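In the working numbering, the protein residues as written are 85 to 467. Here's the structure we're looking at; comments come further down.
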């Protein structure tokens, strides 16, 4: 096995995601999947949580960093929320949630699968906005089997936060792979004690074995604010050019309808005035904009921080050296397996592992995911 020589300072350039890596486009994954299937007896219905994916489809970042990208605050969130009406606040959150989802549509299966974080791995970043305010994000892998991440983004000057407990559940279906995100996603307008519960749609990777592969959402997405009694219900149409439609309700009365394409634009129609306007824009999604996250340089990071943990793998992927990438990925994974073997037989993450940044809420989601809260969550006392 060839050993990579690391120079963290000189190799910082590999984290400039506005510059594409040298990875060729993979139009379908037939050869890749047949290799995986023969080695691990992969069959329709198999849960893929503990399956090691080949380097060819890996994204150059950890899941924790990708969740940071998916928490990027848009400029229209930087406002005085207390001066907005119930509907204005709700539509801002809904637009943001939709444009975050516009990250996912893509053709081909290259650059699609981020690294599975090791237990205790952390990632943090910040955004400095034009109005002088700062948004910050922190995350931690609180469990590895099953994979559960705690994530938290806030802007103290504008009084909003976004907290997540994320457990992806991925299943192989033959010619497609489906991913459901369990857990909890809460956007909070802190001065008003107003919570928006966001339930994302499923994400499917289709046409893996034949035809052109692509990534799309399907199923239902909801945004709910119990305090104002407002709800949005959105339906993502399968195999239909990324189409979606939905409605917004207040006090159980429909006040807006939405329709559009997740790779173009979604329009909003006012039920009372019958006026239609462009509402959410694919051009604003975080994959297209490459938001300017500020991340501590790798040579300054602790050993458990995401970019430090996966640096050698990321460098190999940047260079399109898939053989070295596979080796470096295995080194990290084998080290974790060795650590697990050293633990006592009765070891369990619930009783023996204590996260540093997040604490258990002492309850589970509807589908059984243990929920976590950030230890320094923004409150009205901090405003």
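Every residue gets a Cβ at the ideal spot worked out from N, C-alpha and C, and that includes glycine. It should be emphasised that the depicted structure is a prediction, and the values quoted were computed from it without experimental measurement.
Local conformation of residue i per DSSP, three classes
i           : result
residue 253 : strand
residue 121 : Model confidence at residue 121 stands at a pLDDT of 48, short of 50, so the residue's coordinates are unreliable; what they give is reported in the following sentence. Looking at residue 121 - three-state DSSP - the assignment turns out to be helix.
residue 437 : coil
residue 320 : strand
residue 92  : coil
residue 196 : coil
residue 385 : coil
residue 408 : helix
residue 398 : helix
residue 450 : coil
residue 177 : helix
Own chain residues within Cβ distance below 7 Å of residue i, not counting five before or after
i           : result
residue 462 : 238, 240, 245 and 274
residue 443 : 456, 457 and 459
residue 152 : 207, 209, 221, 223 and 377
Beta-carbon proximity of residue i to residue j, cut-off 8 Å
i           : j           : result
residue 205 : residue 146 : yes
residue 199 : residue 209 : no
residue 186 : residue 366 : yes
residue 363 : residue 350 : yes
residue 383 : residue 93  : yes
residue 381 : residue 96  : yes
residue 90  : residue 396 : yes
residue 178 : residue 370 : no
residue 180 : residue 168 : no
Span separating the alpha-carbon of residue i from that of residue j
i           : j           : result
residue 139 : residue 172 : 44 Å
residue 398 : residue 436 : 31 Å
residue 312 : residue 165 : 14 Å
residue 417 : residue 159 : 39 Å
residue 182 : residue 426 : 44 Å
residue 176 : residue 453 : 28 Å
residue 447 : residue 409 : 39 Å
residue 230 : residue 445 : 17 Å
residue 345 : residue 298 : 15 Å
residue 248 : residue 268 : 5 Å
residue 122 : residue 411 : Any reading at residue 122 must be qualified, since the residue scores a pLDDT of 48, below 50, and its modelled position is unreliable; the value itself is stated next. The alpha-carbon atoms of residue 122 and residue 411 are separated by roughly 20 Å.
residue 315 : residue 420 : 43 Å
residue 163 : residue 422 : 49 Å
residue 296 : residue 191 : 7 Å
residue 265 : residue 301 : 12 Å
residue 335 : residue 328 : 23 Å
Cut-off 8 Å between Cβ atoms - residues of its own chain near residue i, not counting five sequence neighbours on either side
i           : result
residue 304 : 283, 285, 317, 318, 319 and 320
residue 148 : 201, 205, 206, 207, 223, 224, 225, 233, 235 and 390
residue 355 : 338, 339, 340 and 341
residue 467 : 240, 243, 274 and 275
residue 368 : 158, 183 and 186
Same chain, Cβ closer than 6 Å to residue i, five either side skipped, listed in chain order
i           : result
residue 379 : 209
residue 98  : 398, 399 and 402
Test: residue i CB closer than 8 Å to a CB of chain E
i           : result
residue 449 : In the displayed structure, chain E is absent; only one protein chain is listed.
Near the ligand NAD: residue i beta-carbon under 7 Å from a heavy atom
i           : result
residue 404 : Only the bare structure without any ligand can be found here, which leaves the ligand NAD out of the picture.
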